[in-house]
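Number of protein chains: 2
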Amino acid sequence: MNKSESTATLASSIFTTLREEILSGVLRPDTKINLRGLCERFDVAFSPVREALNRLSSQNLVSQTDRRGFKVAPISLEELSDITRARCLTNEIALRASIAEGDADWEEEVLVSFHRLLRTPRDDRSPGASEWTQAHRRFHTALLAACGSDRLVAYCDQLFDAAERYRLIGLSAGGNWGDADSEHRAIMQATVDRKADEAVALLCAHFEKTRAQLRTLLQPSARGP
Amino acid sequence: MNKSESTATLASSIFTTLREEILSGVLRPDTKINLRGLCERFDVAFSPVREALNRLSSQNLVSQTDRRGFKVAPISLEELSDITRARCLTNEIALRASIAEGDADWEEEVLVSFHRLLRTPRDDRSPGASEWTQAHRRFHTALLAACGSDRLVAYCDQLFDAAERYRLIGLSAGGNWGDADSEHRAIMQATVDRKADEAVALLCAHFEKTRAQLRTLLQPSARGP
DNA sequence: TGACAAGAAATTTTCGATAATTCTTGCGCG
DNA sequence: CGCGCAAGAATTATCGAAAATTTCTTGTCA
Chain A
1 MNKSESTATL ASSIFTTLRE EILSGVLRPD TKINLRGLCE RFDVAFSPVR
51 EALNRLSSQN LVSQTDRRGF KVAPISLEEL SDITRARCLT NEIALRASIA
101 EGDADWEEEV LVSFHRLLRT PRDDRSPGAS EWTQAHRRFH TALLAACGSD
151 RLVAYCDQLF DAAERYRLIG LSAGGNWGDA DSEHRAIMQA TVDRKADEAV
201 ALLCAHFEKT RAQLRTLLQP SARGP
Chain B
1001 MNKSESTATL ASSIFTTLRE EILSGVLRPD TKINLRGLCE RFDVAFSPVR
1051 EALNRLSSQN LVSQTDRRGF KVAPISLEEL SDITRARCLT NEIALRASIA
1101 EGDADWEEEV LVSFHRLLRT PRDDRSPGAS EWTQAHRRFH TALLAACGSD
1151 RLVAYCDQLF DAAERYRLIG LSAGGNWGDA DSEHRAIMQA TVDRKADEAV
1201 ALLCAHFEKT RAQLRTLLQP SARGP
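Sequence lines, in order, name chains A and B. Heads up: the first sequence at position 124 corresponds to 124 in the numbering used here, and the numbers run straight through without jumps. Heads up: the second sequence at position 62 corresponds to 1062 in the numbering used here, and the numbers run straight through without jumps.
Laid out in structure tokens, this is it:
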């Protein structure tokens, strides 16, 4: 909420706002986006809105078709399965590489980010940008940080976002998310113990959980009015 | 060259043009991009150019800083190493998954795309969009197509582009690229024979080659005037 | 009834100009 | 001689309207 206001450009702050609203489901999936509507809402001209939407489409949060405008990216069980699969595959290999090559600094950051995550209260009122989500992201990033490719870590981060969107949608539909803490602890422990197979199995199970939770909710192919 | 002109939007066709120029090195890395210059060159206003640049920045081909404009993404040995590493890791896991789960259709496409690649002449005059690059991309995509996540395949495709940029730059600097054909054949053969370890090793070696070629060229940290 | 075309309305894309910000240059001062 | 600073130049971000295109509506004809 800091740089959205001060030196940032209008397009940037609109981007941030819209991003949170899409992630948290305030903007319903598969909904057409009305340029004029957004312009009036933010009280700006087309340019900055357009720019923000362009950036969002690069993160697959909105889809764009030439001369036919933008729409909020749809959700589906198929896509969630695809995302989950991609997460399992990429996180597996990145985690293995990290465990194999990570040094003391890496291990320390894993520990630190885990404890931060424990201490962060789970405030899901402003979902998209909650403290907890931030801490959650940091933990998952820390696990992979020593894999040897910043690009790969960045990609896993993108997948985290994609999954987070589903998680938040499930949450607002009344899903319960048990105690992620103990799962995170187990993952953390196996990782610093350098038990690669175990850590990978736990991590993938952690990802699968989101998918399982949303399975029933998304079954009828998710049609909103 | 087809849809760049007809139904596409101005922004889209400028995007395509600029993309090719960046990939092929016509637009020098780490160069500041002058909005007005581009506007005059394409004879359009700011909006479409800005939009094109926004889309390019989502592919990491240009970098953007608020109120400070755009510049062509720099190149460096470090980044190439990062990309190569990411490619090896992601392609390894995706190829293993494909080999484990691919069906007859997948196998067929691997074969077909390989033969197309053989038959395509290596015309590097219009580098960014050459037939050969297209065929090359298709082959590498086919290898991974059965991994179970379209998203992951799409990401590998992005990495392909990132690496292609370096390849083309190396090419224009007088690099020679031996016979990739025989490498591709070996990869193809090992893949359809379902020899995962061998296929992965060959594929990673294939990626490493680009990096090795450019090592010397990029050593002095690539400063252009 | 249903397909289809013409025109109207709404929307997206692009334009040209303005406001806001950053970069540059040159001057004075320590 | 170098450093900070202010005025001017250059550049980016945003605006509001015009042009181009798609979508919706309605009326006609088989």
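Positions of the beta carbon are idealized from the N, C-alpha and C atoms, including for glycine. Since the model is a prediction, treat every value here as computed from it, not as a measurement.
Sub-9 Å separation of residue i and residue j beta-carbons
i: residue 1199 of chain B; j: residue 1099 of chain B; result: yes
i: residue 53 of chain A; j: residue 70 of chain A; result: yes
i: residue 162 of chain A; j: residue 153 of chain A; result: no
i: residue 1148 of chain B; j: residue 89 of chain A; result: yes
i: residue 136 of chain A; j: residue 117 of chain A; result: yes
i: residue 1165 of chain B; j: residue 1033 of chain B; result: no
i: residue 1065 of chain B; j: residue 1211 of chain B; result: no
i: residue 1023 of chain B; j: residue 1077 of chain B; result: no
i: residue 217 of chain A; j: residue 170 of chain A; result: yes
i: residue 30 of chain A; j: residue 73 of chain A; result: yes
i: residue 160 of chain A; j: residue 141 of chain A; result: yes
i: residue 1011 of chain B; j: residue 1047 of chain B; result: yes
i: residue 1038 of chain B; j: residue 1014 of chain B; result: yes
i: residue 1092 of chain B; j: residue 93 of chain A; result: yes
i: residue 1192 of chain B; j: residue 1095 of chain B; result: no
i: residue 150 of chain A; j: residue 1150 of chain B; result: no
i: residue 1158 of chain B; j: residue 1219 of chain B; result: no
i: residue 87 of chain A; j: residue 207 of chain A; result: yes
i: residue 1051 of chain B; j: residue 107 of chain A; result: no
i: residue 25 of chain A; j: residue 182 of chain A; result: no
i: residue 1009 of chain B; j: residue 67 of chain A; result: yes
i: residue 1109 of chain B; j: residue 1120 of chain B; result: no
Beta bridge counterpart(s) of residue i as assigned by DSSP
i: residue 1063 of chain B; result: B:1071
i: residue 32 of chain A; result: A:71
Chain-ordered neighbours of residue i on chain B, where CB pairs are closer than 7 Å
i: residue 282 of chain A; result: The shown model of chain A, from 1 to 225, leaves out residue 282 of chain A, and the question about it has no answer.
i: residue 12 of chain A; result: 1066
Chain A contact residues for residue i, given Cβ-Cβ distances below 7 Å
i: residue 1076 of chain B; result: Per Cβ cutoff of 7 Å: no residues; residue 1076 of chain B is ~12 Å from chain A at best.
i: residue 1166 of chain B; result: Ordered by position in chain A, no residue passes the 7 Å Cβ test against residue 1166 of chain B, which lies about 13 Å from the chain.
Query raised in the report: Going along the chain, which residues of the stretch 1082-1101 of chain B sit with their C-beta nearer than 8 Å to a C-beta in chain A?
Result: 1082, 1083, 1085, 1086, 1089, 1090, 1092, 1093, 1094, 1097
Query raised in the report: Along the stretch 1054-1073 of chain B, what residues have a CB closer than 8 Å to any CB found in chain A?
Result: 1054, 1055, 1057, 1058, 1059, 1066, 1067
Query raised in the report: In the stretch 1029-1055 of chain B, which residues sit with their C-beta less than 8 Å from some C-beta in chain A, listed in chain order?
Result: 1047, 1050, 1051, 1054, 1055
Query - Near-chain B residues of the stretch 189-218 of chain A (beta-carbon distance less than 7 Å), N- to C-terminal order - result: From the stretch 189-218 of chain A, no residue has a Cβ closer than 7 Å to chain B.
Requested in this report: Report the residues of the stretch 1134-1151 of chain B with a CB closer than 9 Å to any CB of chain A, ordered along the chain.
Outcome: 1147, 1148, 1149, 1150, 1151
Query raised in the report: Taking only runs of the alpha helix (DSSP H) that begin and end inside the stretch 150-206 of chain A, which ones reach a length of at least 4 residues, in chain order?
Result: 150-172, 180-192
Query raised in the report: Of all the alpha helix (DSSP H) runs that stay within the bounds of the stretch 1099-1134 of chain B, which reach a length of 4 or more residues?
Result: The stretch 1099-1134 of chain B contains, as complete alpha helix (DSSP H) runs of 4+ residues, the segments 1104-1119 (chain order).
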